[in-house]
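Asks: Have a look at this one before I ask anything.
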Amino acid sequence: MLLREVEYARPATVEEAISLLSEHDGARALAGGQTLVNVMKARAASPDVLVDLADLDELRTISFSADQSSLEIGAMVTNTQLIASSEVEVARPILAEVAATIADVQIRNRGTIGGNVCVNDPTNHYPPLLVALGASFTIQGTAGERTVSADEFFLGVYLTAVAEGELLTRISVPTRRPGTGDGMAGVTLGAHGTYIASAAATVGPDGPRIALGCVSSVPVRATAMEESLAAGDYSEAAVRAAAQGLGETIDPPSDVHADAAYRRHLAEVSAVRAVLQAAERAKG
Ligand SMILES: Cc1cc2nc3c(=O)[nH]c(=O)nc-3n(C[C@H](O)[C@H](O)[C@H](O)COP(=O)(O)OP(=O)(O)OC[C@H]3O[C@@H](n4cnc5c(N)ncnc54)[C@H](O)[C@@H]3O)c2cc1C
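Here it is, written out as structure tokens:
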């Protein structure tokens, strides 16, 4: 189906992009277009103005913060850039590992981490991962810049802390400290398909952070499991025991791929696998 007629702007600066987004009620940022163009074709979204972020080179960089404590990832960084980045390899290799499992080459080349989290499709890979990693998100608008934590960023499907007229500019991911390990596990539709259930985990000196995907409109922290593991015993028996009853704490949807009861089971299995993977990596 052809797109409805839409105005198109290609700003040269972030400030110009923000003023275009705030001046027009029906304006939408265009990143990789992998979701937005599809939903426009299906008439599920019908923006009046597309503000293409393609020329905003400052949103395409991956660097370290001045004190090296975090990896600063521009919103327009693609999955392919994450896979190839030496900074990611040193600071948080799980990001590259997960990026490499997303969909196909075209989607990895075009799709951006900013677009992925702004869509906040519950089956997407990055939302639970970034919650587990304790990432923070920098949002810029006409009033200036603000930073929100991953726990506050995701509000619902297609709904995040980025308000109308604002732009997500970068994602800050803490650099991996000694004794920290990350893991992600789940069940997908086919080898590189969409998740039916997923879990991401970080294990380190501050204890575990575990986030579940596909069980709600936003990533869900497995806080009871985190508390059970806080003493630092990551033996398989302890991790399995900590995951017992996790399914009862969530209210996942039923759909053609899995009913709620099966998703509860998959969430427990995924959480165990993600934590065991993270704990193994934390050793070395
Ligand atoms: C067939 C298919 C399969 C896929 N499978 C997976 C999968 O298994 N796992 C997975 O994680 N992802 C998957 N994706 C999603 C893909 O990885 C992209 O992340 C996603 O399509 C959006 O990224 P994008 O850069 O294309 O954003 P766009 O489609 O350009 O934008 C998406 C939305 O985010 C908004 N937006 C984008 N950037 C910003 C910004 N900087 N500030 C404010 N708002 C912004 C846009 O306005 C729009 O509303 C799949 C996509 C397709 C088409």
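According to the working numbering, the sequence shown is numbered sequentially starting from 986.
Cβ atoms here follow ideal geometry from the backbone N, Cα and C, with glycine treated the same way.
Taking only three categories from DSSP, how would you classify A1012?
Replies: The answer is strand: DSSP assigns A1012 an E or B state.
Asks: Measure the alpha-carbon distance for A1245 versus L1174 and round it to whole angstroms.
Replies: Straight-line Cα distance between these residues: approximately 17 Å.
Asks: First and last residue of the alpha helix (DSSP H) that includes I1079?
Replies: Note, I1079: alpha helix (DSSP H), 1079–1084.
Asks: If you reduce the DSSP assignment to three classes, tell me which class E1151 lands in.
Replies: Residue state, collapsed to three classes: coil.
Asks: From T1132, A1084, E992, pick the residue whose C-alpha is nearest to that of H1009; which is it?
Replies: Among T1132, A1084, E992, the Cα nearest to that of H1009 is on E992.
Asks: Say the cut is 7 Å; is the CB of N1094 nearer than that to a heavy atom of ligand 1?
Replies: Answer for N1094: no, Cβ out of range of ligand 1.
Asks: Let's test the definition: count the other Cβ atoms within 10 Å of the Cβ of P1238 and tell me whether it reaches 16, buried, or not, exposed.
Replies: Burial call: exposed.
Asks: Got a sec? Which residues, its chain only, sit under 8 Å from V999 by beta carbon, not counting five neighbours each side?
Replies: Excluding positions up to five away in sequence, the list reads L1041, E1043, L1044, Q1125, L1152, T1154.
Asks: Would you report the Cα separation of A1227 and A1207, rounded to the nearest angstrom?
Replies: Roughly 10 Å separates the two Cα atoms.
Asks: Check for me: the beta strand (DSSP E) holding L1197 runs from which residue to which?
Replies: Note, L1197: beta strand (DSSP E), 1194–1198.
Asks: Taking A1185 as part of the beta strand (DSSP E), name the residues at either end of that continuous run.
Replies: A1185 -> beta strand (DSSP E) spans 1180–1188.
Asks: What is the DSSP secondary structure of D1052, counted as helix, strand or coil?
Replies: Looking at D1052 - three-state DSSP - the assignment turns out to be coil, as it is neither helix nor strand.
Asks: Does S1070 pass the burial test, meaning 16 or more other C-beta atoms within 10 Å, or should it be called exposed?
Replies: Buried: at least 16 other Cβ atoms inside 10 Å.
Asks: Just to check, is the beta-carbon of G1178 closer than 7 Å to a non-hydrogen atom of ligand 1?
Replies: Yes, the Cβ of G1178 comes within 7 Å of a heavy atom of ligand 1.
Asks: Please list, in chain order, all residues of the same chain as A1263 whose beta carbon is under 7 Å from its beta carbon, the five residues on each side excluded.
Replies: Taken in chain order, the residues that qualify are G1166, D1167, G1168, A1186, T1187, V1188.
Asks: Work out the CA separation of V1022 and P1078 for me, nearest whole Å.
Replies: Those two C-alpha atoms are separated by around 30 Å.
Asks: Closer than 7 Å: is that where the CB of R1013 sits relative to any heavy atom of ligand 1?
Replies: Under cutoff, so the answer is yes.
Asks: Quick one: is the Cβ of C1103 within less than 7 Å of any heavy atom of ligand 2?
Replies: As far as ligands go, the structure on display features ligand 1 and does not contain ligand 2.
Asks: Mapping the DSSP letters down to three states, classify I1156 as helix, strand or coil.
Replies: Of the three classes helix, strand and coil, the one that applies to I1156 here is strand, per DSSP.
Asks: Using DSSP with H/G/I as helix, E/B as strand and the rest coil, what is R1095?
Replies: Three-state result, R1095: helix.
Asks: Got a sec? Which residues, its chain only, sit under 8 Å from A1025 by beta carbon, not counting five neighbours each side?
Replies: Position check: residue 1025 holds Met in this sequence, whereas Ala was assumed. These residues qualify, in order along the chain: L988, R989, V991, S1031, P1032.
Asks: Contact between the segment 1137–1151 and the segment 1101–1109: three or more CB pairs below 8 Å?
Replies: Yes, they touch.
Asks: Between which two residues does the beta strand (DSSP E) harbouring L1035 extend?
Replies: Where L1035 is concerned, the enclosing beta strand (DSSP E) stretches over 1034–1037.
Asks: Tell me R1206's beta-bridge partners as DSSP assigns them.
Replies: A1196, per the DSSP bridge assignment.
Asks: With distances taken Cα to Cα, identify the nearest neighbour of A1216 among G1192, G1232, L1231.
Replies: The residue with the shortest Cα to Cα distance from A1216 is G1192.
Asks: Taking the beta carbon of N1109 as the centre, do at least 16 other beta carbons fall within 10 Å, making it buried, or is it exposed?
Replies: Per the 10 Å Cβ criterion, buried.
Asks: Over the uninterrupted alpha helix (DSSP H) stretch that includes V991, give me the two end residues.
Replies: Looking at the DSSP string, V991 is not in any alpha helix (DSSP H), and its letter there is neither H nor E.
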